[in-house]
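In UniProt numbering, the protein residues as written are 1 to 520.
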């Protein structure tokens, strides 16, 4: 639209010049110059618009980051306040516990002192009584020991006699066992032999009878006389053998009766020895009881002496424990004093932290007001009407001058807050006051407008004084999760877009961004 307006103006000028007379050549020479200047101004506007959009995106990103930081700081402050309250409550509780423990220990100490005095008196009385009883028992035991010495001598003689008798008794028992075993073996052998002889004779007789019967049947007719003779002879021999066996059995019975008599004698001797052993056992039991009674009395006396020694040790231990309790009481008192000092220090630190908290809250409030004013100014800047191509150079310069004044006010407002102030020449090329840039009625020169526009330097991080100037740092993905979707898309476009040079895009295509796409 702007080139058409300029073209109409160029068409009207030659008509006036024709009416005035013959200046057509000069107007035709100025026409291409105006078109080139208009294109440069348009490209510069596009670059300026992109720069302002980048600034707006950076402001929005900084605003989001500051909001996230403020939220984190507030959470940390709340956590510190809670920790402080918990620490103070814990210290108070521990102090009360220590005070209660000290009072309990003092009461225990007093009760232990009273108990110690009472036990000391009781132990002294008991010790005197034990000493008196010990002396009496000592005298009694000395007399009993003398009596028991004579009894022990008699017991020693009795023990020797008992050992001799037991040895004789054991030898007789061994002899009796041997004789019994020999007699049993002898009787067993005789019985076995008699049984074997009877069996053998019975078998021989049966065999012989069978042979005789067979022979008798064989030679019954011819040899009857010889067989009868032979049978008679054999019968005589058998009767003789049976008589011998019966005599031998009678001898064995006599020997058995003799052995039974010897066994009866030995049993009588054994009964006598058992009776003597029982009598000796009774006497030994009585002496053993007397010895046990004496040993028990000795043990009781030893236990009494050990108890007296233990009472002395307990008295010494109680004295040591009393000294230890006094030392512990002193240590607890010193510990209580230390805890009181620590509590005072922590209270002073809490007051200091409260003062720092108020300061930080004031700084935060000032920053919030500054940011609110900055956003208000930025909204005013963005809500201004964009320059159209139909507007002239005078309107463009007026709007630029107005934006410069608003940016100066924004810079002054932000520099009034906390933080380092940026140099004055970053936003504006001129160092003069805003009044010097009032729009004049005279039209600007064609060559001075691009120079003035090119003299405006773009915004750099750290110019507002809120953050220190540093290299480009990409946003943290964890912080981006807390932002809105449109804000994250705007940040991504800003970081993914290449740097725009002052000469415009390289491909020659015109890129006209829409102002105010990034949300506030």
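C-beta: ideal position from N, C-alpha, C; glycine also.
Would you mind giving the Cβ-Cβ distance between residue i and residue j, rounded to the nearest angstrom? I have them listed as a contact below 8 Å.
i	j	result
residue 127	residue 287	No, residue 127 and residue 287 are not in contact; Cβ-Cβ is about 37 Å, not under 8 Å.
residue 112	residue 311	17 Å between Cβ atoms; not a contact.
residue 176	residue 266	5 Å
residue 303	residue 137	So it is not a contact: roughly 12 Å between Cβ atoms.
residue 522	residue 144	One cannot answer for residue 522 here, as it falls past the ends of the chain, which runs 1 to 520.
residue 123	residue 353	Actually they are not in contact, since the Cβ atoms of residue 123 and residue 353 sit about 60 Å apart, beyond 8 Å.
residue 87	residue 346	7 Å
residue 158	residue 283	7 Å
residue 329	residue 148	The pair is not a contact, with the Cβ atoms about 57 Å apart (cut-off 8 Å).
residue 343	residue 80	In fact, because the Cβ distance is near 19 Å, the residues do not count as touching under 8 Å.
residue 252	residue 196	Residue 252 to residue 196, Cβ: 14 Å. No contact.
residue 562	residue 141	What is shown of the chain runs 1 to 520, which leaves residue 562 out entirely.
residue 313	residue 116	Not confirmed; about 15 Å, so no contact.
Taking residue i as the reference, which of the options has the closest Cα?
i	options	result
residue 522	169, 347, 252, 181	As shown, the chain starts at 1 and ends at 520. That puts residue 522 outside it, with no answer to give.
residue 349	85, 73, 38	85
residue 106	322, 339, 121	322
residue 70	409, 378, 360	360
residue 57	397, 382, 402	382
residue 151	289, 216, 352, 306	289
residue 130	78, 242, 308, 109	308
residue 95	341, 409, 236, 257	341
residue 271	77, 172, 237, 291	172
residue 198	243, 213, 315	243
residue 232	186, 100, 166, 212	212
residue 200	52, 146, 285, 241	241
residue 167	68, 273, 215	273
residue 194	215, 380, 250	250
residue 230	208, 245, 246	208
residue 291	153, 63, 202	153
residue 62	380, 120, 202, 368	368
Report yes if the C-beta of residue i is less than 7 Å from at least one heavy atom of the ligand ADP; otherwise report no.
i	result
residue 176	Although the ligand ADP was asked about, the structure shown includes no ligands whatsoever.
Less than 8 Å between C-beta atoms, sequence neighbours within five positions excluded: which residues of the same chain meet that for residue i?
i	result
residue 98	332, 335, 336, 339
residue 560	Here the chain has residues from 1 to 520 only, and residue 560 is not among them.
residue 133	304
residue 77	357, 360
residue 205	238
residue 101	332
residue 82	none
Can you find the residues in the same chain that come closer than 7 Å, C-beta to C-beta, to residue i, ignoring five residues on each side of it along the sequence?
i	result
residue 9	Residue placement at residue 9 cannot be trusted, given a pLDDT of 42 that sits under 50; the coordinates are not used to answer.
residue 280	162
residue 256	187
residue 410	374, 377
residue 235	none
residue 440	With a pLDDT of only 39 at residue 440, under 50, the local geometry of the prediction cannot be trusted, and the value read off the model is given with reservation. Result list for residue 440: empty, nothing under 7 Å.
If I measure Cβ to Cβ from residue i and keep anything under 6 Å in the same chain, skipping five residues before and after, which residues do I get?
i	result
residue 432	Note that residue 432 scores a pLDDT of 39, beneath 50, so its modelled location is shaky; the value from the coordinates is reported in the next line. So no residue of the chain qualifies.
residue 183	259
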